[in-house]
Amino acid sequence: MLEKVSVPRPLTHAFTANLLRASGVRVEQVRIHRLLDETFYADVQLEGPAGRASVDARPSDCMALALELGAPIYVATDVLTAVEQARRDRAEPEQPVDMMNASAIVAQMIEQWPVGPKPVRKVDAPGA
9 MLEKVSVPRP LTHAFTANLL RASGVRVEQV RIHRLLDETF YADVQLEGPA
59 GRASVDARPS DCMALALELG APIYVATDVL TAVEQARRDR AEPEQPVDMM
109 NASAIVAQMI EQWPVGPKPV RKVDAPGA
C-alpha cells in the first residue's frame, strides 16, 4: 500500500486530480495498451457530465493520476508479453532487487525534502 506524503503545494498529478474532481469527472481506469519502439502508450478512461472520453498520456502521468484517485491500472497482455520477450532477447541476467518498504521510502523522502523556502537574493532588472 502506498502512503500519502504531505507536500507544501500540490504536485502536477494532484492538481490534475483536483481539476477532474471539480469538473465532476471520474477516472474509470488507466490502460497501458501499447509498446512500440521501446515506447509505452497509455490512456486514461474518463466519465463525466459530457459522457465518456479517452485521453492519451504518458504512462507515468497516467499511473500517478490513477494512484492519486484510487483508479485501477491495467496493462495489456501483449504489452507484458513483449516486455518479457525483449528481456529474454537481450539475455539479461535477472538482477536482485534492492527492496525498500513504503515506510522507508516515505522516511527517506521526508528526510530529503526541503524544510523551508530558500533565501531570495535581490537582483536589479536589466537596464535598470
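Just so you know, we're using our numbering here: the sequence shown kicks off at 9 and counts up by one. From the three backbone atoms N, C-alpha and C, an ideal C-beta is built for every residue, glycine too.
- Determine, using beta-carbon pairs with one atom in the segment 51 to 58 and one in the segment 89 to 100, whether at least three such pairs fall under 8 Å. no
- Message: Looking only at its chain, what residues have a beta carbon closer than 7 Å to the beta carbon of T24, apart from the 5 residues adjacent to it on each side?
- Response: Cβ within range, chain order: L73.
- Does DSSP classify M19 as helix, strand or coil? Correcting the residue identity first, residue 19 is Leu in this sequence and not Met. L19 falls in the coil class under three-state DSSP.
- Item | Per DSSP, the bridge partner or partners of Q37 | Q53
- Query: Alpha carbon to alpha carbon, what distance is there between A110 and I40?
  - Reply: Distance between the alpha carbons of I40 and A110 is about 24 Å.
- Item | R98 - partner residues in DSSP beta bridges | Answer by DSSP bridge pairing: none, since R98 is not bridged.
- Task: From the DSSP output, in three-state form, read off M9 for me.
- Result: Any reading at M9 needs caution, since the residue's pLDDT is 36, under 50, leaving its predicted position unreliable; the model's value is listed next. DSSP places M9 in coil when its eight states are reduced to three.
- Task: Grab me the residues of A65's own chain with a C-beta within less than 7 Å of its C-beta, minus the 5 sequence neighbours each way, in chain order.
- Result: A50, D51 and V52
- DSSP state of S14 mapped onto helix, strand, coil: coil
- Task: Consult DSSP for R66 and reduce its assignment to one of helix, strand or coil.
- Result: coil
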